[in-house]
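See structure below.
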Amino acid sequence: NHMIKTIQNNAVNELTILIGENRSSNPVDLLLQISSMVRSLGIIQKEVRTVARTSNYFFGVHDLEWATFIPRMFKEKLDKLFLRNNFYHRYLPYRDAASICKNLPTQNKKIWFEAKIHSISGGEQDYSQDGHAVKISYGGLSVKHFT
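As structure tokens, then:
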């Protein structure tokens, strides 16, 4: 993969991806590979004309349970992650956002995570857990280490 080789050859530490259609044969594996190589990752999803706006879609993947996948991304080198998806609002429902906020601070790592969400059906939350400030509010969620 050209992106992986570029990251390796240039010792990339911070990466922002502006993505429309993902042509990778396995986008999930690609994300895990990238997460093991960079400390900071931003992903901004663009509209894909062939994907319905009502889809649970992000980074070329339909119907992935991001609540279990996102913590896996932090297992290696990655400690900062920013996600923005203004087109496919169902990719991260409130219950998944709440689960991510609950689980990320328990990883024994100084994490900075922020994502745009479009529903706070379970209400706003603002609390501290394991050295992290955790917040879910209209428009976003965040888990940020105090340092």
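In this text, residue positions in the sequence shown follow the numbering used here: the first is 896, and each later residue adds one. Every residue gets a Cβ at the ideal spot worked out from N, C-alpha and C, and that includes glycine.
- Taking a cut-off of 8 Å for Cβ pairs, the region 925-942 and the region 898-912 touch, as three or more such pairs fall below it.
- The beta carbons of W961 and L987 sit about 5 Å from each other, so the pair counts as a contact at 8 Å.
- Distance from the Cα of E971 is smallest, within the candidate group H1013, T963, L936, M932, for M932.
- DSSP places K900 within a helical segment (H, G or I) once states are collapsed to three.
- G955 counts as buried, since no fewer than 16 other beta carbons sit within 10 angstroms of its beta carbon.
- Within its own chain, the residues whose Cβ lies closer than 7 Å to the Cβ of V943, once the five positions on either side in sequence are excluded, are G915, E916, listed in chain order.
- Counting along the chain, the unbroken beta strand (DSSP E) around I914 starts and ends at 909-914.
- Under DSSP, R979 takes part in a beta bridge, and its partners are I939.
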